Structure formats: C-alpha cells, structure tokens
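4 protein chains.
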Amino acid sequence: MNKKKIINDPVYGFINLYDDIIYELIEHPLFQRLRRIKQLGLTHLVYPGATHTRFQHSLGSLHLMQSAISTIRSKGHEIKDEEAQAAKIAILLHDLGHGPFSHSLESNWVKDYSHEDFSLMMMNMLNDQWNGQLELAMKIYRNQHPKKFLHQLVSSQLDMDRLDYLRRDSFFTGVSEGVIGSDRIIKMLSVHDDQLVIEAKGIHSIEKFLIARWIMYWQVYFHKTVVSAEQLITRILDRAKELMQQGEDLPASGPLKYFLEERYHNDNREDMLKMYSKIDDTDLSVAVKSWSESRDRVLSLLCNNMLWRRLFKIELQKEPLGQERLRAAREEAQSRLGLSRQEVNYFVFTQSITNKAYSSSSDQIQILYKDNKVKDVAEASDMLSLPVLSKIVKKYFLCYPKEYNLNL
Amino acid sequence: MNKKKIINDPVYGFINLYDDIIYELIEHPLFQRLRRIKQLGLTHLVYPGATHTRFQHSLGSLHLMQSAISTIRSKGHEIKDEEAQAAKIAILLHDLGHGPFSHSLESNWVKDYSHEDFSLMMMNMLNDQWNGQLELAMKIYRNQHPKKFLHQLVSSQLDMDRLDYLRRDSFFTGVSEGVIGSDRIIKMLSVHDDQLVIEAKGIHSIEKFLIARWIMYWQVYFHKTVVSAEQLITRILDRAKELMQQGEDLPASGPLKYFLEERYHNDNREDMLKMYSKIDDTDLSVAVKSWSESRDRVLSLLCNNMLWRRLFKIELQKEPLGQERLRAAREEAQSRLGLSRQEVNYFVFTQSITNKAYSSSSDQIQILYKDNKVKDVAEASDMLSLPVLSKIVKKYFLCYPKEYNLNL
Amino acid sequence: MNKKKIINDPVYGFINLYDDIIYELIEHPLFQRLRRIKQLGLTHLVYPGATHTRFQHSLGSLHLMQSAISTIRSKGHEIKDEEAQAAKIAILLHDLGHGPFSHSLESNWVKDYSHEDFSLMMMNMLNDQWNGQLELAMKIYRNQHPKKFLHQLVSSQLDMDRLDYLRRDSFFTGVSEGVIGSDRIIKMLSVHDDQLVIEAKGIHSIEKFLIARWIMYWQVYFHKTVVSAEQLITRILDRAKELMQQGEDLPASGPLKYFLEERYHNDNREDMLKMYSKIDDTDLSVAVKSWSESRDRVLSLLCNNMLWRRLFKIELQKEPLGQERLRAAREEAQSRLGLSRQEVNYFVFTQSITNKAYSSSSDQIQILYKDNKVKDVAEASDMLSLPVLSKIVKKYFLCYPKEYNLNL
Amino acid sequence: MNKKKIINDPVYGFINLYDDIIYELIEHPLFQRLRRIKQLGLTHLVYPGATHTRFQHSLGSLHLMQSAISTIRSKGHEIKDEEAQAAKIAILLHDLGHGPFSHSLESNWVKDYSHEDFSLMMMNMLNDQWNGQLELAMKIYRNQHPKKFLHQLVSSQLDMDRLDYLRRDSFFTGVSEGVIGSDRIIKMLSVHDDQLVIEAKGIHSIEKFLIARWIMYWQVYFHKTVVSAEQLITRILDRAKELMQQGEDLPASGPLKYFLEERYHNDNREDMLKMYSKIDDTDLSVAVKSWSESRDRVLSLLCNNMLWRRLFKIELQKEPLGQERLRAAREEAQSRLGLSRQEVNYFVFTQSITNKAYSSSSDQIQILYKDNKVKDVAEASDMLSLPVLSKIVKKYFLCYPKEYNLNL
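Chains as they are written, first to last, in our numbering: chain A, 1 to 408; chain B, 1 to 408; chain C, 1 to 408; chain D, 1 to 408.
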C-alpha cells in the first residue's frame with residue numbers, strides 16, 4: 001500500500017493520509033475501537049446530533065496537525081520528516097486510552113489511571129508490534145523530545161486536540177456559538193524560542209477561541225441535562241459494582257464484568273490493559289438494557305430511567321446547597337419511590353462542577369509581535385484581561401428524580 | 001408539560017416540538033431505542049462521520065412534515081389540526097421498526113416481516129398505551145385515510161422521509177453531491193386533486209433531487225466498500241446462526257440469542273415483538289467482539305476481519321461474473337486460509353445490486369402548471385426524460401478476502 | 001398583487017414577503033437606490049467578498065423582524081397586526097438615508113444631518129405617497145409608540161439591524177469570527193415590562209454576540225487597511241470640494257456636483273433631499289476615475305492611488321502620536337512627492353478611532369430569569385463583567401503614502 | 001514585497017498568493033477595474049445577493065488553479081515552476097476584458113470584439129509593462145504551449161473558470177441547486193496523453209457538475225426576470241446610441257460617450273482599448289439615473305423602469321411566438337403608453353435563448369479508468385447518455401411592459 005488515501009469528513013471536507021504507517025495504525029483494532037466510543041458520551045441525549053466518535057476526532061486532529069506542520073515549515077522553522085510523522089502519530093493516538101462514554105465515566109474503570117495513562121500504555125503495545133517505530137511519537141507525547149513546540153501541538157492550551165474538538169463538537173451538536181476559525185488560527189501559528197506562538201494579527205481569533213471554549217463548556221459539556229445524564233450512568237455503574245461485590249451475578253460482557261468485579265486489583269498490568277481494550281460504549285449499553293429487568297429495585301429503576309430518558313431533575317446554582325434542602329428532597333423521594341435511606345442516595349445527591357477559560361500558570365498562549373517580542377494572550381488582549389480569563393467559576397447542583405407515571 | 005420544546009439539530013438548526021403527545025412519544029423507550037440504531041448501518045466504516053441514527057432522522061422528518069403542512073395550508077388546502085398531528089406522528093414513527101444496522105441486515109432477523117411491518121406493530125402497541133390516540137396516524141400510514149396526499153407526505157417518491165435522509169446522509173457523510181434543497185422543494189409543494197404536487201417553478205429542484213438521490217445510491221448506499229462491510233456482517237450472522245443450530249452456545253445478549261436461535265417460530269407475535277424491541281446495534285457489536293475469540297475458525301476469522309477492518313475485496317461490474325472466476329477465487333482462498341470447501345463460501349461469493357432513479361409506474365412526482373394541469377416529472381423535465389430516469393442499473397459483484405499478514 | 005413573494009438570500013436561504021405594501025415599498029426607487037450603496041463602503045478593498053449592499057441588509061433585517069415578532073407572539077405578548085406591519089416597515093426603511101459608501105463618508109455630504117435624519121425625511125416622503133399608511137412605522141422608529149419594545153426591535157443594542165449586519169458582514173467578508181447565532185438569539189427573545197429581554201438560557205448566545213461584535217469592529221470595521229481606504233476617499237472628497245470652491249469645474253454627475261459645491265446651504269430641505277436621493281456609490285466611482293486625470297496634482301494623485309489600490313500606509317497604536325513623528329513623515333513625503341506644505345496634509349495626517357463592546361448606560365440588554373426577575377447582561381454574565389464590556393478602547397493612527405514607482 | 005499574502009474569501013475561506021508578480025498584477029488598475037464589474041450583470045435584481053464581481057471570480061479561479069496544479073503534480077505529472085506561474089497568470093487575467101455588466105451587454109460595446117479578445121489585448125499591454133514576463137501565460141491562454149492540458153485548465157468544459165463561477169454564483173445567489181463539489185473534482189483531476197482527465201471514481205461528481213451547470217442556466221443565468229432585465233438595459237443602450245447619432249447630447253462619462261458615439265470606428269486599436277479599460281458598471285448606472293430625466297420619452301421611460309424595477313413582463317415558451325401575438329401586444333402597449341409604431345419596438349419584442357449541458361464535439365470531458373483507458377463522460381455515465389447531455393434546448397420569449405400606475 002503506498003497510495004495517498006482520502007477520507008471524507010463532514011467538518012473539513014477531506015482528510016488526506018500520506019504515510020503508510022498512519023494508515024496501518026488506523027486499521028488496528030485498538031484504533032478501530034474508537035469507532036465505538038462516542039466523543040461526548042451521553043451528550044447526544046440533549047443534542048441528538050452528537051453521535052460522533054473519538055475515531056473521527058482523532059482523524060480530525062491528525063488533519064489539523066498536518067496543516068499546522070505545513071504552516072510552521074512555511075515560516076522557516078525546521079521540522080524533519082521523521083518529526084512530522086511522529087507528531088502526526090502522537091496526535092492520532094492521543095485518545096486511544098479513552099474508556100466507554102469518554103469523560104462521563106473516566107474515573108470509574110480503574111481508579112489509578114487516567115485516559116492519558118491508558119493511551120500511553122496502548123502506544124507502548126503498538127510500538128512493540130511496529131518494532132520501535134513509535135519511539136519518537138511517544139517522546140513527543142511525553143514532552144521528552146528537545147523541540148518542545150511539537151509537544152505543544154499535541155498537548156497545550158492551543159493544541160490540535162482542542163482545535164478539533166471545539167469545532168467538531170459544535171458542528172455535531174449544532175451549537176453555532178462554539179464554532180471556531182481553526183483555519184485562521186492554524187495559519188497564524190508560528191514558533192519562537194521553541195515555543196508555539198500566534199502571530200499578533202491572529203489575536204482576535206484567539207480571543208474568539210477562548211470565548212467559544214468557555215461557551216461550549218457551559219452550553220454543552222456542563223449543560224445541566226448532560227450533567228444529569230452522566231450522573232445517572234455513574235450511579236448505574238456504582239450500583240452494579242455494589243451488587244457484584246455482594247455476589248449478585250449481573251449479565252454483562254466478559255470485559256465489563258472484569259471491571260465491575262474490580263478483578264484488575266489482582267491482575268498484572270498487561271492483562272488489565274487487554275481487558276480494557278475490549279470494552280467500549282456498547283458493552284455498557286447492552287448491560288443497561290438487561291439490567292433494566294434486574295431483581296434489584298434500585299438498579300432496575302436507574303436503568304429504566306435511562307431507557308425512558310427520565311433523567312434526574314437538576315438544580316444548578318452558584319452557592320453550595322444547604323443540607324436541609326438535600327434532606328428534604330431525600331425524604332420526599334424516599335417515600336414517593338419506596339426506597340430505603342441508603343437506597344435513596346442513588347437518586348438524590350449533590351455535587352459541583354468547575355471551570356475556567358484559560359490558565360496563565362502553566363503553558364500560556366503566547367502572542368508574537370512584529371518586533372519579535374511575545375506576550376501572554378491575557379496581557380495582549382484589549383478585552384480579555386487575565387482576571388477575566390482565569391476566573392474560576394464553580395457551580396453546585398442537586399439531582400433528584402422527576403415525577404413520572406410509573407405505569408404509563 | 002405544555003411548553004414548546006426546541007431541539008438543536010446540526011442539519012436544520014432547530015427542531016420545534018409543539019404537541020405534548022409528540023414529546024411523550026419521543027421519550028418512550030421504543031423511540032429512544034432508535035438512538036442505538038445507526039441510520040446507515042456500517043457506512044461509517046467508509047464515511048466516518050456517518051454515525052447518525054434513526055432517532056435523528058425521525059426527528060428531522062418530523063421537522064420537514066411540520067414545514068410541509070404549514071406550506072400546504074398557506075396555499076389554501078385544508079389540513080385539520082387532528083390530521084396535522086396524525087401526519088406528524090405517522091412520520092415520527094415510520095422507522096420505529098428498524099432492526100440493528102438498519103437496512104444492512106433487514107431480512108436477517110425475522111424472514112417474513114419488513115421493518116415497515118414492525119413499525120406498524122409497534123405503533124399498535126403505542127396506540128394501546130395511549131388509548132387509541134394514534135388511530136388516525138396509523139390510518140394515514142396505511143393509506144386508509146381519505147386525504148391521500150397526507151399519506152404521500154409520509155410515503156411516496158417525494159415524502160418527508162426521503163427529503164430528510166438524503167440531506168442528512170449527505171451532511172454526515174460529507175458527500176456534498178447529495179445535498180438537496182429541501183427548503184425549496186417544500187416551499188414548492190402543493191396539492192391538486194388530492195395528490196401531492198410540485199409547482200412548475202420548482203422543477204429544477206426536483207431534477208436536482210432525483211440526481212442527488214441517484215448519486216447518493218452509487219456514492220454512498222452502494223459504495224463498494226459499504227456493500228462489502230454489509231456482506232461481512234451478514235456472513236457473521238449466518239455463521240452464528242448455523243453454529244447455534246448445531247448446538248454451539250455462543251455468548252450473546254438475551255434478545256440477540258432469541259433471534260439467532262430463531263425461537264420466534266414457536267412464539268406468539270407479541271412476545272416476538274417484545275424481544276425485537278430490545279435489540280439494537282449494540283447487541284451485535286458486543287457479540288462480534290466476543291465471537292472474535294470463538295473456537296469456530298470461520299466465525300472468529302470473520303469477526304476479526306470486522307475488528308481489524310479487513311473488509312472483503314470486492315469487484316463490481318455490469319455483467320454477471322462467470323462461474324470460473326468464482327471457482328478460482330474460492331480455490332485460492334481455500335488453500336490460503338486453510339478452509340474447507342463449505343467454509344470458503346463465507347469468504348468468497350457473488351451477488352448483485354440494482355437501482356433506478358425514479359419509477360413512473362406507481363406514485364409519480366407530479367408537476368403542477370399555472371393553468372392547473374399536471375404532468376409527470378419524467379415528461380415535464382427538459383433534461384431527464386423517462387427512459388433516463390427509469391433505467392434500471394444492475395451491478396454484479398464478487399467478494400473475496402484481502403491478503404493480509406495474520407500475525408501482524 | 002397579493003401573492004406571497006419569496007426572495008433567495010445567501011445568508012438565510014429564503015426571505016418571505018407577506019404584505020403588499022412591503023413589496024411595493026421595495027420596488028420604490030428610494031429603496032432600489034440601496035442596491036447601489038455598499039453595506040461596508042470600501043471594505044471590499046480588504047475583504048473582496050464584501051460587495052453586499054444596504055438593499056440586502058434591509059431585507060435581511062426585515063426577515064429577522066418577522067421571526068422576532070412571531071417568537072414574541074408565541075410567548076403570549078400581544079403585537080397587533082398593524083403594529084407588526086409597522087415594525088416591519090420601520091426596520092425595512094431604517095437605512096434608507098445612507099449616502100455613498102455608507103458610514104465611510106457619512107458626515108461628508110451635509111454636515112448637519114445623520115443618515116438617520118435622512119431616513120426619517122425619506123419615510124416622510126413615502127408616507128405622503130402612501131397617504132399616511134406609514135404613520136405608525138414612523139412612530140415606532142422615533143420611539144413615540146407606547147409599546148417601547150417594538151422600537152427596541154428596530155433600534156437598541158439588540159435590534160434586528162445589528163443581528164443582521166453582524167451575521168451578513170461576517171458571511172460576506174468570510175470572517176468566521178463574527179458569525180452569530182441569530183436564530184437562537186431570536187428564539188430567546190421575550191418581553192418583560194414592555195422591555196425587550198433575553199431568556200436566561202440564551203445568555204451565552206448574548207455573550208457570544210457581544211464578543212463577535214467586538215471582534216468584527218477590530219477585524220473588519222476598524223481593520224487598519226479599511227480605515228486607510230476610508231481616509232483616502234475622504235481626502236479625495238475634501239480636495240474636490242476645495243477645488244470646486246476655488247472655481248475649478250470638475251467633471252461629476254449633477255447630484256454629486258450639487259453636494260461638492262455645497263449648494264444645499266441656499267436650498268430648501270425638500271430640494272436638497274431630492275438631490276440626496278439621487279447620489280449613490282456609483283457617482284463617486286465614476287468621478288474618481290475621471291479626476292484621476294485632473295490637472296490638480298493632489299487630486300489626481302489621490303485618485304490614482306485609489307485606482308491602483310496604493311492605500312496609505314497606516315500605523316495604529318494605543319498612545320497618541322507625537323508631533324515630531326508627524327512632522328518628520330510630512331517632510332519626507334513632501335520632498336519625495338514634490339508637494340507644498342499645505343498639499344502634504346492630504347497625504348500625511350493623524351486621527352483616532354474608539355470603540356466599546358457594550359454600553360450599560362442607555363438601553364441595556366436585559367436577561368430574564370425564570371423567577372421573572374431581570375438583570376443587565378453585564379451583571380448576569382459569569383465572564384463578561386461590566387468593566388470588561390464597557391471598557392473604551394481608543395486607538396490613534398498615522399497615515400502616510402507608500403513608496404511606489406510612479407512610472408511602473 | 002516577498003511575503004505570502006492571504007486573502008479572505010467567503011467561498012473558499014482563504015486564498016493564498018505565493019508569487020510577487022501575481023500580487024503586483026492584482027494591484028494594477030486594469031485588474032482593480034474588475035472590482036467594478038459585477039460577475040452576473042443585472043442578476044442581483046432577482047437574486048439580491050449576487051453583487052459579487054469579476055474581481056472575486058478571478059481570484060477564485062486562481063485559487064482553484066493552484067489546487068489543480070498541486071494535485072496534478074502529486075500524481076507524477078510534470079509542471080515546471082514557470083509553467084505553473086504562467087497558468088496561474090493566464091487564469092487570473094482571463095476575464096480582464098469584460099465590459100460593464102459582463103455578459104449582459106457583451107456585444108454592445110464594440111461589435112467585432114468578444115471579451116476574450118479584449119482580455120488578450122490587455123494581457124499584451126501588461127506584458128509590455130512587465131517586459132515580456134507574461135509571454136508564457138499568453139501562450140497557454142491561446143493554446144500555443146505544447147502542454148495542452150495547461151490550456152484546458154484555463155479554458156475547456158472542465159476549466160477552473162467554470163468550477164469557480166458555478167460554485168461562486170450559487171453561493172451568492174443562494175441557489176443551492178448549483179453547488180458543486182469543486183474540491184472533489186479537483187482531487188480527481190489527472191493528465192493522460194497530455195489531456196486533462198477525471199479519474200473514474202470521480203464520475204458522479206462530474207455528473208453532478210453537469211447537472212448543476214444545467215440547472216444554474218435555467219434557474220439563474222436564463223431566469224426569465226434576469227433575461228428581462230438584460231433586455232431592458234440593452235434597449236436603454238440602443239436608444240441612447242440612436243439619440244446620440246441624431247445629435248442629442250446625453251450626459252455620460254467620457255469613456256461611455258466614446259462608445260455610445262461609436263467613435264472607435266475612426267480610432268486606432270490602442271486608443272480604443274484605453275477608453276474600453278475606463279468603463280465599468282458604474283458609468284452606466286450613473287447614466288441611467290440621469291437619462292431617467294431625459295426629454296426623450298422612450299429613453300426616460302426605459303430608464304425609469306430600471307430605477308423602479310418595473311421590468312418587462314416576459315413569456316417563455318418552447319415554440320416560436322406567432323406574429324399575431326406580437327402585433328397585438330405592440331398595439332396594446334402603443335395605445336396604453338402613447339408611443340409611435342417605431343418607439344413601441346423598444347418595449348415589445350421577441351427573442352430566443354438556447355442551451356445545452358455538454359458538447360461532445362470539441363473538448364470532451366474524459367474519464368480515466370484504472371486500466372489506463374479513457375472514455376468520454378457521455379459514454380461513461382450510467383445515467384447521462386450523450387443524447388441527454390447534448391440535447392439543445394431553445395426557448396422563445398416575448399417581452400412587453402407591465403401595467404403600472406405611472407403617477408404613484
């Protein structure tokens with residue numbers, strides 16, 4: 001195989017694949033698995049169009065990486081062919097380690113590993129199969145390659161990951177407020193002192209990008225019904241684990257059972273990884289359907305709520321919720337649904353979410369002026385000063401069950 | 001609940017829901033199930049963006065129905081409120097009966113029923129739950145309501161179903177050749193002698209619509225790699241059934257097992273329907289993953305081919321393939337893969353597909369002129385005469401396994 | 001004429017005209033004249049797509065007004081049919097009074113009148129021709145109708161004018177940063193205490209709208225090359241007037257001559273208005289072409305600079321420019337171009353531009369909460385606090401001629 | 001100047017300029033003049049968005065040429081750097097010779113020259129100013145360069161000119177039926193035997209392109225109201241010339257007068273060209289405004305009809321119109337408008353328009369198969385056979401004045 005491949009993409013039109021190894025990596029089951037992991041977990045329950053997957057997003061990030069490399073090279077900064085290929089591989093595989101429903105359940109599979117950890121373990125596996133050809137990609141991914149800006153293209157506040165997911169998520173949700181001019185941002189990219197920078201005339205695009213990201217957080221990622229749905233699936237998983245630990249034998253696919261029973265505690269990392277690489281959204285979907293007929297009232301109720309889209313009602317506010325409010329809601333639900341005091345905790349609970357638009361502490365977004373000076377965007381922007389950008393917004397919420405006719 | 005609901009849709013921007021009953025039907029698990037059935041089955045293996053579902057398509061068709069009703073009313077044709085609601089319900093539910101991967105596997109679940117039959121059975125179920133409120137919708141669906149044009153909005157060569165799926169499928173695949181001006185077509189809709197017609201100045205939009213549909217068939221629906229993938233999943237299902245009948249106990253979810261074992265033969269219709277309403281894409285996805293480790297070499301090979309995206313190579317041509325070509329390909333594969341003569345039939349086989357752009361025989365697309373005369377579009381079009389439009393194109397194909405390194 | 005008219009519009013797809021009087025007003029030469037006035041004056045010299053006109057913008061604003069009225073009515077607020085029609089007429093005609101190149105030259109025609117004044121005078125003319133049918137529209141335009149929110153739809157910080165021009169200008173310039181979700185904003189419109197308000201769940205759309213407007217200012221309306229081009233045409237007009245007053249007879253169309261000679265000082269308002277309604281972009285374009293051959297060196301040089309697109313170089317900065325810098329630039333240009341000390345002022349000069357994103361003083365944008373309370377958006381937004389939004393940004397610039405080979 | 005320039009374009013996003021000479025040619029007044037010539041003449045009277053210019057179209061064609069060259073090179077066909085630059089210059093300048101309102105008035109300025117002739121004359125002028133650097137571009141333009149496919153990129157049934165104007169015209173008119181997948185078509189371009197060809201898998205894109213072009217003809221270019229408007233401006237020009245020849249001194253800019261008086265008959269080519277390069281849409285617009293007050297009743301009536309958008313009524317049909325119909329219409333108009341028998345011919349007349357989708361006679365569109373054979377698209381297409389594609393459609397029309405209240 002040595003033909004240029006073209007993939008149709010609704011967001012960018014066409015995505016070109018130039019390297020054989022990239023094409024082969026895409027065909028690998030570890031990457032094909034991403035076809036079965038939705039980019040936005042349960043967000044499609046609110047935005048029905050959002051059925052796009054980590055697979056598409058990874059290809060999209062690759063596409064942007066290709067544009068970025070070509071722009072940066074055209075401005076006279078050297079990126080060797082093997083570095084270019086490695087950067088492309090790194091971004092292509094950066095999300096390999098996501099589990100079912102992406103972030104919605106991230107911490108629920110294996111406590112001590114993030115999805116980035118799993119990505120790295122899987123890259124390792126692939127590196128072995130390809131006889132070490134992924135070494136440089138992994139170095140860039142871990143920021144161990146001397147040219148730091150290559151890592152920044154993969155992971156920073158202005159990486160190809162973010163540029164793709166903001167644009168793609170707004171495309172598929174239909175939330176036009178999140179649309180960003182990724183083309184223009186990439187055309188404005190450059191390198192200065194081994195740092196990724198944006199040329200000064202691109203500053204408004206960056207302002208827009210930061211605002212768009214902010215809006216996507218509150219309008220999509222933290223949309224209250226999305227949060228409610230994520231709480232529901234989390235509760236389902238919690239209950240299933242609890243029942244499993246009590247010896248209940250719930251129907252589930254092999255890999256799903258493995259994680260519900262937390263068998264990985266006694267297992268070696270390699271075997272754990274093998275099981276991890278076998279689960280995706282579909283295992284959980286099938287389980288929820290069958291658990292809706294479980295003898296356990298809590299589990300079956302939770303699962304039925306998912307199937308009937310009877311999501312928790314959710315109240316979002318800036319101040320923490322008083323204990324009284326929580327107690328009252330629990331009592332009401334307890335008596336209405338006929339649950340025990342312990343069981344009702346699956347249906348009525350509080351939590352919080354937090355977000356800020358930009359962090360000046362770690363990797364800043366640097367603006368490059370014609371006199372070759374650079375400034376942090378928070379300083380350079382006429383409108384978005386640092387206090388604005390880095391303000392932390394925290395919101396508290398209370399979930400409780402909707403009233404519904406159980407016998408409809 | 002009596003608030004106007006708004007749903008974001010990437011294709012149309014917003015979809016408004018005006019009727020409580022519509023909103024309640026959407027929340028029902030039978031409708032929510034459509035979230036787990038991809039509109040285009042395995043097409044996303046070729047066009048990665050095509051992960052949209054029957055759920056989105058049904059909402060989109062509802063949206064177009066609402067526009068169509070409002071246009072037709074504005075031209076002085078009476079549609080009573082209960083007829084409008086019924087037409088909306090009919091189009092909303094028209095795809096309720098689709099099984100896993102939509103058309104890809106349509107005939108594989110229960111031989112004697114089409115997805116339309118299942119849709120009708122499910123509407124019946126819902127009608128019972130809603131105490132007969134769906135009667136009129138079902139009459140329109142079955143073309144038993146006196147106003148025939150209402151049925152034509154639901155099912156004809158110019159129905160809201162087609163208008164939505166062409167536009168939606170081209171949107172999500174990124175195949176711009178299929179984009180149609182659904183807005184303009186709907187604005188040109190009218191009624192004449194109880195027939196749905198298009199006003200004469202809309203004729204070019206209809207020409208474009210017929211061409212776009214033709215192109216979508218050959219570029220997407222019958223794309224050779226899509227056909228190849230559909231053949232693969234069909235073979236997987238066939239083999240699984242065969243093994244089941246031989247007493248093998250393959251892992252599968254309850255409802256999937258029910259159909260693989262063809263238990264419905266001895267079952268009543270109601271119970272069969274109950275099982276049918278529990279399967280969707282995810283049951284099959286999970287099964288393919290676990291069957292990839294089956295002891296049966298044929299099944300595990302087929303399933304691995306799916307997971308590794310090693311789709312059959314496929315040759316498409318206008319003439320039937322000679323027996324010799326088939327025999328040679330079988331022998332080659334038999335020896336290469338170490339299969340028996342019977343087993344190789346799962347890997348090497350021929351079939352055909354057929355299509356025409358327009359059928360003048362049944363429900364024609366009628367063009368309405370200012371002098372109140374109507375003409376079949378095939379007659380009215382300067383460019384697309386009947387012989388062109390109704391030409392049947394048949395293509396034959398041969399599938400056989402790609403060469404690949406089994407041990408990569 | 002009583003048929004519903006449909007107009008194709010690249011931004012919204014279709015614009016429906018429902019009222020005969022609206023259609024007739026559009027055909028009137030006063031409105032047709034807007035076809036010859038570019039929405040963004042000379043901006044197309046930087047963004048070549050920006051050749052759209054006040055005509056399109058006025059139709060677009062009408063379209064949004066129609067949506068807004070229908071949304072507001074659907075939320076239970078009364079708008080009588082005659083009020084609806086009047087509001088539509090008011091927005092349709094709000095830009096009638098623009099002169100050549102819209103804002104670029106606004107103050108140059110008749111010192112004491114703004115384009116709004118001219119709009120009102122022209123509405124008066126039309127009102128006479130239509131026997132008083134425009135009375136109510138004019139009341140709304142002048143905010144003399146009791147329902148204040150109708151005026152706010154025509155003129156406020158959230159009027160249909162702004163919603164259309166931001167979206168349209170970003171569409172035609174291709175500056176995606178300015179794209180706003182006008183659909184969503186309009187769906188969120190409501191009325192509270194006779195004030196136009198935005199429902200709370202639309203707050204992010206408003207944040208985005210304010211940012212988009214801000215960005216459009218700095219990326220398009222105040223783009224430094226646009227500013228430079230506007231300075232050039234202003235200088236051309238100034239020089240032509242000066243020469244006219246010195247008795248020079250420059251070629252120009254009748255109406256253009258009228259204004260260059262400032263004959264309106266001795267004229268009655270009606271005759272002045274008649275002449276005003278006869279000039280548009282084209283008179284000036286033709287004049288610039290012929291003046292490029294003028295005997296006056298300053299005028300011919302300025303006009304040739306326009307025809308060759310040799311726009312002034314422009315330096316933009318936050319601090320005022322020192323007198324020394326100006327003097328030096330003048331001396332350089334004087335000797336290079338062989339100009340007198342007085343003449344060089346046409347080629348080297350300083351000025352400033354100023355902008356803020358939002359003004360809380362006059363008509364605030366109010367957010368309506370579910371508990372029926374309202375808040376100014378500057379207070380309601382988590383991100384965009386008042387100090388940010390109402391910060392006044394002032395920039396100073398210096399213009400001077402590019403170096404170029406005069407004999408190319 | 002040696003920086004890469006980027007131009008925003010609403011159709012393609014960005015257009016990159018790589019060559020200094022290209023940038024300099026764009027700045028030249030001969031090219032800047034195209035800013036004042038609308039791409040679609042008077043079409044904006046029907047589709048208000050269609051105010052785009054030959055300037056934009058020329059840049060767009062340049063952009064597509066750049067993509068095409070890069071695609072063809074990537075498939076292993078040699079295009080030398082100087083050939084690439086020359087092809088780019090040739091397409092950039094191909095429309096230089098258009099006169100006011102583009103095609104609407106093409107034959108009305110100088111009988112014996114087409115706009116292509118003028119383009120060539122102007123290229124010659126520029127070639128002199130650039131000391132012969134445009135020689136190769138002109139050779140390609142005139143098909144005198146050995147590599148014939150380069151000429152085909154500039155001028156053939158699949159040239160960059162058509163690809164751009166179809167896409168651009170459908171974008172600005174808002175007629176989505178004309179949208180073509182120019183990206184895909186260009187990606188499928190290749191060269192075989194020094195002929196531009198399309199790879200076989202691009203055949204549906206070509207089918208779609210031919211249909212889209214066909215539809216654009218009937219929906220836009222030959223839209224009956226557009227035809228009517230073009231007839232009106234033609235009649236205005238005819239009448240003005242007639243009056244000029246009778247010694248009437250009509251107000252007009254210098255260059256416009258030159259052509260109305262047909263002074264070029266006695267002039268040398270060079271001086272004629274100089275005058276030609278000074279007229280554009282604006283000269284005519286200004287003239288129409290002032291002629292609306294002419295003493296000549298025919299001219300003032302025609303011009304007022306333009307300003308009031310009182311276009312001719314037009315009847316379009318497949319058969320020629322009988323003499324009787326014409327006579328009756330003339331008598332009616334004569335008495336209603338109080339015109340002489342000769343004068344009425346300006347208001348009531350017949351003509352015809354003709355079109356075919358594809359011509360197999362001259363430069364065919366060739367499809368390239370994997371076995372390296374080529375076929376004419378008319379043969380290769382399953383749907384669009386030659387008789388369909390090359391059918392000549394001729395339509396006859398009758399124009400006559402609308403009834404209107406002259407005194408409104």
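All C-beta atoms, glycine included, are put in the ideal place defined by N, C-alpha and C. Owing to the predicted nature of the structure, the values given are computational and were not obtained by experimental measurement.
Beta-carbon contacts of residue i that lie in its chain and below 6 Å, excluding the five residues immediately before and after
i                 : result
Ser290 of chain A : Pro251
Asn409 of chain D : The question about residue 409 of chain D has no answer here: the residues shown for chain D are numbered 1 through 408.
Residue environment, residue i, which counts as buried when at least 16 other CB atoms sit within 10 Å
i                 : result
His265 of chain C : exposed
Asp194 of chain C : exposed
Glu207 of chain D : buried
Pro401 of chain B : buried
Tyr346 of chain A : buried
Ala328 of chain B : exposed
Glu177 of chain D : buried
Assigned secondary structure, residue i (DSSP; H/G/I helix, E/B strand, else coil)
i                 : result
Leu30 of chain A  : helix
Val197 of chain D : strand
Ile185 of chain B : helix
Lys208 of chain D : helix
Tyr165 of chain B : helix
Val220 of chain D : helix
Val191 of chain A : strand
Contacts around residue i, its chain only, beta-carbon distance under 7 Å, and the 5 residues preceding and following it disregarded
i                 : result
Leu42 of chain C  : Phe101, Ser104, Val226, Ala229, Glu230, Ile233
Pro392 of chain D : Note on identity: in this sequence residue 392 of chain D is Ile, with Pro being the wrong assignment. Excluding sequence neighbours, Ile392 of chain D sits near Thr354, Lys356.
Leu302 of chain C : Leu232, Arg235, Ile236, Arg239, Tyr346
Go through the stretch 309 to 376 of chain B residue by residue and report every complete run of the alpha helix (DSSP H) that reaches 4 residues or more, in order. 323 to 337
Hey, which unbroken runs of the beta strand (DSSP E) at 3 residues or more fall wholly within the stretch 90 to 138 of chain D? Correct list: empty.
In the stretch 5 to 23 of chain C, which residues sit with their C-beta less than 7 Å from some C-beta in chain B, listed in chain order? Ile6, Gly13, Phe14
What are the residues of the stretch 210 to 229 of chain A that lie near chain C, defined by any Cβ-Cβ distance shorter than 8 Å? Ile211, Ala212, Trp214, Ile215, Trp218, Gln219
Interface positions of the stretch 277 to 291 of chain A facing chain B (Cβ-Cβ less than 7 Å), listed along the chain: Lys278, Thr282, Asp283, Ser285, Val286, Lys289, Ser290
Give the residues from the stretch 348 to 359 of chain C that approach chain A closer than 8 Å (Cβ to any Cβ), ordered along the chain. Ala357
Considering only residues of the stretch 245 to 310 of chain A, which uninterrupted alpha helix (DSSP H) runs meet the minimum length of 4 residues and lie entirely inside it, listed in chain order? 254 to 260, 269 to 276, 281 to 291, 297 to 307
For the stretch 188 to 208 of chain B, which residues have a CB atom closer than 7 Å to at least one CB atom of chain D, in sequence order? Of all residues in the stretch 188 to 208 of chain B, only His204, Ser205, Glu207, Lys208 come within less than 7 Å of chain D when Cβ atoms are compared, listed by chain position.
Quick one: which residues of the stretch 102 to 133 of chain D get their C-beta closer than 8 Å to a C-beta of chain C? List them in chain order. Gln129
Residues, ordered as in the chain, of the stretch 367 to 389 of chain A that lie near chain C by beta-carbon distance below 8 Å: Asp382, Met383, Leu384, Ser385, Val388
Members of the stretch 172 to 183 of chain D near chain B, C-beta cut-off 7 Å: Along the stretch 172 to 183 of chain D, going in chain order, the ones with a CB nearer than 7 Å to a CB of chain B are Ser176, Glu177, Val179, Gly181.
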